[in-house]
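Here the sequence shown stands for residues 80 to 679, where the numbers follow the working numbering. Beta carbons: idealized from backbone N, C-alpha and C, even for Gly. As structure tokens, the structure follows; a few thoughts come after it.
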Amino acid sequence: MLSMKAIHTVSLMLCIAARILPAQISVSLTPSHRSPVALGTVITWTASASGPNIGIPTYRFRARAAGEDFHTVVDYGPNASLDWTTIDREGSYEIEVTARSGDATQAMAASAVMVMTSLAGGNGPEITATANPLVFIYSAPPCPAGQSLSVQFTSPEGYVQSTPSKPCSGFSVNFYLAGMRPEAQYGVQGISAAEGAVAVGPSLTLATPSISLPPSPPASIVSTNAPAVDGVLLQSTFFSPAVATDLSGNVVWYYAGNISYLTRPVEGGSFLGLFEDGTLDPSHQFIREFDLAGITLAETNAARINEQLSAMGVHPIGGFHHEVRKLPNGNYLALADCERILTDVQGPGGVDVVGDTILVLDPDFQVLWAWDAFDHLDPHRPAILGETCTYPAGLSCGAFYLAPLANDWLHGNALQLTTDGDILYSIRHQDWVVKIDYKNGAGSGNILWKLGAEGDFRLAGGDFELRRHDAYPWFSHQHDPNFQADGVTLMLYDNGNTRIAGDPGGHSRGQALRIDEARREAWLLLNADLGVYSSAVGSAQLLPNGDYHFDSGVLNIPPGSANFGAQSVEVTPQGQIAYSIQFGQEEYRTFRMPDLYTAP
80 MLSMKAIHTV
90 SLMLCIAARI
100 LPAQISVSLT
110 PSHRSPVALG
120 TVITWTASAS
130 GPNIGIPTYR
140 FRARAAGEDF
150 HTVVDYGPNA
160 SLDWTTIDRE
170 GSYEIEVTAR
180 SGDATQAMAA
190 SAVMVMTSLA
200 GGNGPEITAT
210 ANPLVFIYSA
220 PPCPAGQSLS
230 VQFTSPEGYV
240 QSTPSKPCSG
250 FSVNFYLAGM
260 RPEAQYGVQG
270 ISAAEGAVAV
280 GPSLTLATPS
290 ISLPPSPPAS
300 IVSTNAPAVD
310 GVLLQSTFFS
320 PAVATDLSGN
330 VVWYYAGNIS
340 YLTRPVEGGS
350 FLGLFEDGTL
360 DPSHQFIREF
370 DLAGITLAET
380 NAARINEQLS
390 AMGVHPIGGF
400 HHEVRKLPNG
410 NYLALADCER
420 ILTDVQGPGG
430 VDVVGDTILV
440 LDPDFQVLWA
450 WDAFDHLDPH
460 RPAILGETCT
470 YPAGLSCGAF
480 YLAPLANDWL
490 HGNALQLTTD
500 GDILYSIRHQ
510 DWVVKIDYKN
520 GAGSGNILWK
530 LGAEGDFRLA
540 GGDFELRRHD
550 AYPWFSHQHD
560 PNFQADGVTL
570 MLYDNGNTRI
580 AGDPGGHSRG
590 QALRIDEARR
600 EAWLLLNADL
610 GVYSSAVGSA
620 QLLPNGDYHF
630 DSGVLNIPPG
640 SANFGAQSVE
650 VTPQGQIAYS
660 IQFGQEEYRT
670 FRMPDLYTAP
């Protein structure tokens, strides 16, 4: 264990060492709190760098527990500070910052140690507040090896949520509790398990406070039908904090960090999001994983990714858009945009064309695999409806820089690792869902097939045979296509822009298809009229009871008004809406979940 005096001495020695090296920079690292602090205390680590020819420095922050390897929290970027904490276990943690000169030719590191102390009381578990008024820390004293511990918390109405279990390891065991509405009293109990035996810990009472969201949560309209399963609705809102509500519209969690929108929840209780701003350079376009308390777990930016792409001989990206998700092995799958000036391809002379780059990143957000659409798709097939982007790009387009106007050629909006190790990629402006030969990193990147109008599959059977009057059964401008665990059932949100361009009175649809890759046949299992038209965004999910969840992210409430909002619905296998809830603001995606720890 290092004292604060020793920490400052280490920092000073690093600074002195930096100064005696020619043309090197010096760096220091200062915490906002003196060591030790209790687990869960948010510490702001601030770096300061100086030196000749430093230019505009970039900073990388890494962390590790005593005896473990460093992991990257924030890769090289413009921010000189990091808000950090942990509830993993008590003990010593080392935080390291590396500062680089603007031209990346000079670098120097400094580090400091922070001792985190237990929150658990000597006589039993304790509950502690966090900076988020709807998130709490449950801390239990050390438990015997071979046991595991989880926590259940119960609403006044009897709705039970559970945390994931954690093994006993000789340290206190800590959990974030989240998913509770304000101004309510919850019962909380630890559940221990060992060799098939289950024991219930002491019962604690938790009274949640009132909250004030910036801005206030939107009003909701709820149908009279009560859904049967999954009592949390996670909502990825635009221009306001991401929120989760219960199915009556009461806020039970929120994240007020500086992301543009949330992309996916992660199993275990973390989330992924991204930031887009077309007026800023690539170093400010980032993707982030964060926990229930809002603490950043991992982050990188487009400029840092471009350094790695350059070394691989891959064109740079402008920024991230629409998708980042975590893979079962801890890697990340992310969607970015790239652009080229093409001559006499999508117009006379030179035209700026925006395409897509697909990235696979390791747990430290280092590039493992990159796929550039310009190498695998034909740019002579322009966007179906001729969509363009105007500088500076808003959230509807990825960041681009080469011209004031660009053709939005592909506008990919979803990625998924398939059960056979390939990548499913949704291309909105081509009205296609395609499968890419990835083979868990060993694939060629070639397009294996295209699903949709003018693609490789015949639409046949099932609902299609019953709806021969449907002039356009194929999806168009779709969102969130995803295979289920069987590898053959595909769900998606059919925005229907191409279909509705010829039938302005049409609605968006929720679709499920059975895909026979060998025969190149797609069978419509569900083709539900959702009763509204959402010209953009949306999500699709199969629920545990066999019903379907669809989110219409951009619509008018009421129809014809300028009050844009969103609607989430539960649809039966017969295509009937069993439950709906509307919100007075736009949403990118929504997810039905039993709790905030269990990703769909």
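Among the bridge pairs identified by DSSP, V616 is matched with none. In this structure, DSSP gives L538 an extended state, which the three-state scheme calls strand. Going by C-alpha positions, S523 is about 30 Å away from V616. Here T358 is exposed, its C-beta having fewer than 16 other C-beta atoms within 10 Å. L456 places its beta carbon 7 Å or farther from that of V403. The alpha helix (DSSP H) runs lying completely inside the region 451-526 and spanning 4 residues or more number zero. Shown here for H394: same chain residues with a beta carbon closer than 8 Å to its own, the five before and five after excluded, namely L388, C417, R419, T436, D451, F453 in chain order. For W332, the pairing in a beta bridge is given by DSSP as A323. The three-state secondary structure of E173, taken from DSSP, is strand. Per DSSP, T577 lies in no beta strand (DSSP E) segment; the continuous alpha helix (DSSP H) that holds it begins and ends at 576-580.
For I384, the three-state secondary structure derived from DSSP is helix. Judged by DSSP in its simplified three-state form, M570 adopts strand. By the criterion of a C-beta distance shorter than 6 Å, A482 is surrounded in its chain by D431, once the five residues flanking it on both sides are discounted. The straight-line gap separating the alpha-carbon atoms of D370 and F350 is approximately 6 Å.
Three or more Cβ pairs closer than 8 Å define a contact, and the region 223-238 meets that threshold against the region 270-277.
Taking C-alpha positions only, A257 is separated from V331 by approximately 7 Å. Judged by pairs of C-beta atoms under 8 Å, the region 459-466 does not touch the region 399-413, as fewer than three such pairs exist. With contacts defined by Cβ atoms closer than 7 Å, S282 and G266 form a contacting pair.
DSSP lists P344, F369 as the beta-bridge partner residues of F350. Here the alpha carbons of D182 and A381 stand approximately 16 Å from one another.
Only buried fits P560, as 16 or more other CB atoms lie within 10 angstroms of its CB. The distance from the Cβ of V433 to that of N492 is about 13 Å, inconsistent with a contact at the 8 Å cut-off. Between Q620 and A645 a beta carbon distance of about 15 Å is seen, past the 8 Å cut, so the two are scored as non-contacting.
One thing to note: L592 has its Cβ no nearer than 7 Å to the Cβ of L622. Among the bridge pairs identified by DSSP, E649 is matched with H628, Y658. If you look at A126, you'll find it in the beta strand (DSSP E) that goes 122-129. Under DSSP, the beta-bridge partners assigned to L530 are V512. With 16 or more other Cβ atoms inside 10 Å of its own Cβ, E355 counts as buried. According to DSSP, Y667 shares a beta bridge with no other residue. With respect to H558, Y572 sits close: the two C-beta atoms are nearer than 7 Å.
Counting C-beta atoms within 10 angstroms of its own C-beta, Q264 has fewer than 16 neighbours from the protein chains shown and is therefore classed as exposed. Per DSSP, the continuous beta strand (DSSP E) segment holding W602 begins and ends at 600-608. Around the beta carbon of A189, a 10 Å sphere encloses 16 or more other beta carbons of the protein chains shown; the residue is thus reported as buried. Across the structure, T177 and R383 are spaced so that their CA atoms are roughly 14 Å apart. The three-state secondary structure of H556, taken from DSSP, is coil.
As a beta-bridge residue in DSSP terms, G644 pairs with L634.
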